[in-house]
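Novice:
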Amino acid sequence: MFLLDPTTPGAPADLVFSASDLVAASECEYRTLRILDEKLGRSPKADFPADEMQARAGKLGDLHEHKVLASLIDAHGAWDEASGTGVYSMDRGTTSRADLADKARETAAVLRAGADVVFQATFFDGEFLGYADFLVKEDPAFEDAVREEAGPAGPSLSVQERGAHPRYAVWDTKLARHAKVGALLQLAAYGDQLIGLGLDPAPRVTLVLGNMERSSHSLADLLPVYRERRARFRELTAAHRNTDAPVAWQQPGVTYCGRCDYCAEQVAAHRDLLMVAGMSSVQRKKLAADGITTIDALAELPLHLAAGSRRRLRDQARMQTGLEKPDGSRTFVKDGQPHTVTYKVLADNALGGIPAPSEGDIFFDFEGDPLWQDPAGQWGLEYLFGVIEAPLPTDPPGQDPVFRPFWAHSRAGERQAFLDFLAYVEERRARYPDMHVYHYAPYEKTALRNLSLNHVAGEDVVDSWLRDGLLVDLYATVRHSLRISEASYSIKKLEPLYMGDHLRSGDVKDAGASVVAYAAYCEARDAGPETQAEAAATLASISDYNQYDCLSTLRLRDWLLELRGNAPATPERVSAGTAPGAAVAAAAGTASGAATADGSPTPSDAVPDGEPSPEEEALRAFLDAIPDHRELTPDEQAVAMVAAATGYHRRERKQFWWEHFDRLDAEVDRWRDQRNVFIVEAAEVVSDWAPPTSRARTESRTLRLTGIMSEGSEFKPGSTWFRMFEDPLPDGLGEVDGGRTPRRAAGQPAGTAAAPGAAGTPPSRDGIFGTLVEAVEDHPQQPGRTVITITEKSTGKVPPYFQLPMALTDDRPIPTVSIEAALAELAQLVGSSLPELPKHAGVDILRRSAPRLAGVQGLPAVGTDANGNADYVSAITSALQHLDRSYLAVQGPPGTGKTFVGSHVIARLVQAGWKVGVVAQSHAVVENMLCTAIEKAGVDRALVAKRLSQPHDVPWTCVADEDIARLLETDGGCLVGGTAWTMTGRHVPAGALDLLVIDEAGQYSLANTLAVARSAQRLLLLGDPQQLPQVTQGSHPEPVDESALGWLSAGHATMPAELGYFLADSWRMHPELCRKVSVLSYDGRLESAPAASRRHLDGVPPGVETVLVQHAGNTTGSAEEAAAVVGLAREHIGLKWTPGKDEPVRRLEARDILVVAAYNAQVQAIRHALDHEGLADVRVGTVDKFQGQEAPVVLVSMACSAIAEAPRGAEFLLNRNRINVAVSRGQWRAVIVRSPELTNYMPSRPFALEELGAFLGLSPG
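Residue 3 is where the sequence shown starts when you use the numbering used here, and the numbers rise one by one after that.
1. Going along the chain, which unbroken runs of the alpha helix (DSSP H) with 4 or more residues stay wholly within the segment 1078-1138?
2. Report the partner residues of Ser1068 according to the DSSP bridge assignment.
3. Quick one: is Thr10 buried, meaning 16 or more other Cβ sit within 10 Å of its Cβ, or exposed?
4. Suppose you measure from the CA of Cys1202 to the CA of Val227; what does that come to, to the nearest Å?
5. Below 8 Å on the Cβ atoms is my guess for Leu496 versus Leu558; work out the distance and round it to an integer in Å.
6. Taking 7 Å as the cut-off, is the C-beta of Tyr520 nearer than that to any heavy atom in the ligand FAD?
7. Enumerated in chain order, which unbroken segments of the beta strand (DSSP E) with a length of 3 residues or greater are wholly contained in the segment 440-514?
8. Can you look up Asp690 in the DSSP assignment and give me helix, strand or coil?
9. Using 10 angstroms around the beta-carbon of His1174, count the other beta-carbons present and answer buried if the total reaches 16, otherwise exposed.
10. Measure the alpha-carbon distance for Met321 versus Pro719 and round it to whole angstroms.
11. Since Asp675 contacts Pro1031 with CB under 8 Å, what's their CB separation in whole angstroms?
12. What is the DSSP secondary structure of Ile294, counted as helix, strand or coil?
13. Using 10 angstroms around the beta-carbon of His504, count the other beta-carbons present and answer buried if the total reaches 16, otherwise exposed.
14. Looking at the structure shown, is Lys336 part of a helix, part of a strand, or coil, going by DSSP?
15. For Ser73, count neighbouring C-beta atoms within 10 Å of its own C-beta (all shown protein chains included) and say buried if the count is 16 or more, exposed if not.
16. Within 10 angstroms of the Cβ of His306, are there 16 or more other Cβ atoms? Answer buried if so, exposed if not.
17. Between which two residues does the alpha helix (DSSP H) containing Cys933 stretch?
18. Please classify Trp1192: does DSSP put it in a helix, a strand, or coil?
19. Count the other CB atoms within 10 Å of the CB of Pro570; is the residue buried (16 or more) or exposed (fewer)?
20. Which one or two residues does DSSP pair with Asp101 in a beta bridge?
21. For Ala1232, list the residues DSSP reports as bridge partners.
22. Can you tell me where the alpha helix (DSSP H) holding Lys41 begins and where it ends?
23. How is the beta strand (DSSP E) around Gln893 delimited, first residue to last?
24. Tell me the DSSP secondary structure of Asp812 in three-state form.
25. If we require 4 or more residues per run, which alpha helix (DSSP H) segments fall completely within the segment 229-278?
26. Enumerate, from N- to C-terminal direction, the unbroken beta strand (DSSP E) stretches of 3 or more residues contained entirely within the segment 101-137.
27. Taking one C-beta from the segment 830-843 and one from the segment 675-694 each time, how about it: are there three or more such pairs within less than 8 Å?
28. Could you please give the first and the last residue of the uninterrupted alpha helix (DSSP H) stretch that includes Ile908?
29. Kindly indicate which three-state DSSP category Val207 falls into: helix, strand or coil?
30. Would you identify the three-state DSSP class for Cys1202, choosing helix, strand or coil?
31. Should Thr818 be labelled buried (16 or more other beta-carbon atoms within 10 Å of its own) or exposed?
32. Mapping the DSSP letters down to three states, classify Leu998 as helix, strand or coil.
33. What separation, rounded to the nearest whole angstrom, lies between the Cα atoms of His1054 and Leu731?
34. What number of angstroms, rounded off, separates the C-alpha of Gln401 from the C-alpha of Asp551?
35. Can you tell me which of the three DSSP states Trp173 falls into?
36. Just to confirm my understanding: we take Ala80, look at its own chain, exclude 5 residues before and 5 after, and list those with CB closer than 7 Å. What are they?
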């Protein structure tokens, strides 16, 4: 940004800004105002070190930009003024007002003249200045195709209105291998400028990346973010300029990042609480509310006022301020000045858990870039696996330890580096059985797990490492053993204590710089021959940094052993897999000590969970023979998907057990916010241990537990869970091989045990699976608390006990033997057909090929019925009758009658003698379709069968698995239902069904779709991928966890016409509300049916409205929003409502209002507030509860004050699918209640930026 002389004499100078300034302000308003003060002369210009990497990237960026320019000139030719064609290049003038205005006029003129490409177009409107890399004219055919794909992008001119003005697509060049949000905001700014010129921008904007790939994004989703950021920037800078004083640190209403140079300077100058190691923003706010605002005040806090985490922070502050007596120190020169680091060994420490040194020990560190993206769109690359080997006694004095780097510069290279690293460690283990792999922080363990799953390689090796305690995290040891006087416990801050004079130097000094340097390496490598020397030098600097990290880990281990001094020797190792907290055993479910509800050890799932199955390996061998320099063909991709699906459930189980044992090991604060966790705060015995019947040999008791349920949890009556205990454990738990296994110390690797009573030994944890939940209810007096009633059972192994559980967590995975067998059959079928693929409905889905039809060309067109409405039933029925061992996809958005259409299609086919099955993720969804088929579509209930998971009333009488088998063996049509276990089980033989309907296929995984496909000759996928997705646990090498409809949509918001049908008429939403939802989630293709437009609510407009409520510091509950919801409910109740159809006009009642809250805690807060006001009939719940329901008015409460405080982040709170489901419950209107600060943030990834824009586009507020 800069200042221009005003057009009006005597007026203040005009502030000119760019899109980059808007991004910078979103990251740190304090920094923006400091820079503005420098421009205004209110404060001297800050002198911070220059960013050498940024300067280097700028130079390479120019080369990349000119490479793209050359390619466009080759395609369109140089500018020809006579014909007005070719590439028009503009020179940047000065930043004088006259020059900028001239250049802006030149840009407008050449665009209206119709140049093919404009390079370096200047946009200047008096306050915004930007230089667009490229504006590329689109031909009309391409325009129509893109519009069909992407939908409208804000204000748009008709073809007639455009007249001679062509449409231009905004392009920008970026050296990165993936799109970045700053670049996307620039593209949105240029699109906005085109609209301001009266031109119609293309609906997609494009980034040409460093590898010359193009990244395309929706302008409609980007524009709302740009416009809000611009409005906030204007308001921020104008308010500041209206004062005379420079911005002050912690000035009310000004946000700060706490990390930039400007903030770091002020944190130190004001002795801010952010100086304290481990201080979170939430803890800082709580301390500030108590009048504690500096590190010194916290250090002086009386001990009796410090409890829990505040005690730890107080002790840390005392260490950093020198009030705590240290056990040692070291002084070194930092930034030209002496600097002293002190440390103190905690009385209760984990030093005793460090294994005895071995000559085979290695010290390991990853270098990875989480924002690297491969051509398939997968994020993240581990580009360097570095290890240093422990010195040998025979090594010459002063010799550097051996350093071994394993490099990866592609996804295939990452796999090879991973395999090479595994082979290296395994070979070393064979020579040194007592060796360990040391690392610092838990990232290495997590990354190794994910690599084994993503590459379907080395899974058993990684499992064995985790079981045997091979990996030793020294960060955990340090945090449980030491307190240091630094503001961070990064290894860099510890190094002065043990690295002597050999401190860090070189270009790359931290992990962030390593990521930046690797991006610079890729850019230099790809820029051409003239930059290869620079690329090599950059790679060498990364290698030096990684080598130092590994060496530092070695020296840290040695220093910690010195500190341990005369502590007891390391206890003997227990056998692999026997320590509580050891990771997945060789077969799923072998949980150390954990018992099932009947007391038996957790059983194996009957499917070995080591390496891939023979069927999967055979397909992998075929795939491995494909050259890795090209993308897979659709057929090869299908083979890869079948292979990945074969191991889908194995990987899901692995992830469950890894997370389960991590919870047993970790502090509660690290997992209390995970999904499906209930932390017990109080427990009441409702009925004590007693035999449930006179003949029972075991006893049971009932507990009423009060506590906090994590967001997104699915606790409900009838569900089963793992109940977790801490020391003292009930008798029978914590026992391995017939004896007590002591809990290892924090930081001690799995596979080693701490001596009983050893310092630093945290309490043991164990528990029992299969715990039945009897009731779940909100606490009547404590909003945010939940009361769960459970029944416990004693067993032969675990007799009655006095202990009370500390938590409830996920139950063990349900066995999937039949599903996995079905997937193995498919893998065998595909493998035996290679290189051809079999005719198979599931394989057609994987190939994304059009449904294979017999006797007709293309899918039947949708006609109209007797009432003039679209007759989807007839078209879909006809298409299914012509399917040739293939599939048909039907996408049904909210209120389009998906279940009505599906049930009537089923009825016609059953009447024609077809045997039809219905499968879904839950029994409730299947039963809803069966009930509708009987009650609305006229299917004979005697021809319907489904086993009931729980006894309840249904309109059919065949409720056993044997009834399903009998109907399938009988001549004539029938309708059977069940879950994946039914459709892959023995009662439904392979190919027994003429058609299998997968209901809610937008939430049904591809893996399970392939499994259930064995039962039928044809598949009908019925659902909507734009609504709530299913939840998966594992990482997978191919997206087999994606829904079947989501995979077919391939990134499109609506189903491609050649693959099936899109139900385009919403019978629920008024046209104004439908239009908003249509743009949000359906590319503008969803329209309101005539019947919906006949509804009317007096006094309030239809559509979407946003009500802004000021609040701060709220995470999952907001009393302010709850009060606003009550007020809105009262405003709507009593308004005259015309329901349409033949229903009478009436007054809106409480039952006509539906409230959707983002979090369970807010559901409870709103429920209490409504009940207090006598509005008990207003329905309240999370979006998961209300899918499929509707109401005239929907109120949506976001609850969270700001995204930085949001549990599960913006990806959960602003998820487009969740917002779609919430808003589309409404018939007349939806009102979004939120904090104005909720959208005041800048996402780090393009997808999240577009989600934010989509949310803002509904109703900016």
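Ideal Cβ placement from N, Cα and C applies to all residues, glycine included.
Specialist: To lay it out plainly:
1. 1092-1095, 1121-1134
2. Beta-bridge pairing links Ser1068 to Ser1090.
3. exposed
4. 19 Å
5. About 6 Å separates the beta carbons of Leu496 and Leu558, which is inside the 8 Å limit, making them a contact pair.
6. With respect to the ligand FAD, the structure offers nothing, as it holds no ligand at all.
7. 473-475, 484-486
8. The three-state secondary structure of Asp690, taken from DSSP, is strand.
9. exposed
10. When rounded, the distance between both Cα atoms is 50 Å.
11. That belief does not hold up - the Cβ atoms of Asp675 and Pro1031 are roughly 20 Å apart, past 8 Å.
12. Residue state, collapsed to three classes: coil.
13. exposed
14. strand
15. The residue is exposed, with fewer than 16 neighbouring Cβ atoms inside 10 Å.
16. A residue is called buried when at least 16 other Cβ atoms come within 10 angstroms of its Cβ; His306 does not meet this threshold and is exposed.
17. 925-937
18. Before going on, a small fix: residue 1192 reads as Glu here, not Trp. In the structure shown, Glu1192 sits in coil (DSSP, three-state: anything other than H, G, I, E or B).
19. Summary for Pro570: the model assigns pLDDT 39, below 50, so the residue's position carries little reliability, and this model does not support an answer.
20. Answer by DSSP bridge pairing: none, since Asp101 is not bridged.
21. Val1106, Val1196
22. 31-42
23. 889-893
24. strand
25. 263-271
26. 119-126
27. no
28. From DSSP, the alpha helix (DSSP H) with Ile908 extends over 900-913.
29. strand
30. Residue state, collapsed to three classes: coil.
31. buried
32. strand
33. 53 Å
34. Rounded to the nearest angstrom, the two C-alpha atoms are 17 Å apart.
35. strand
36. Gly88, Val89
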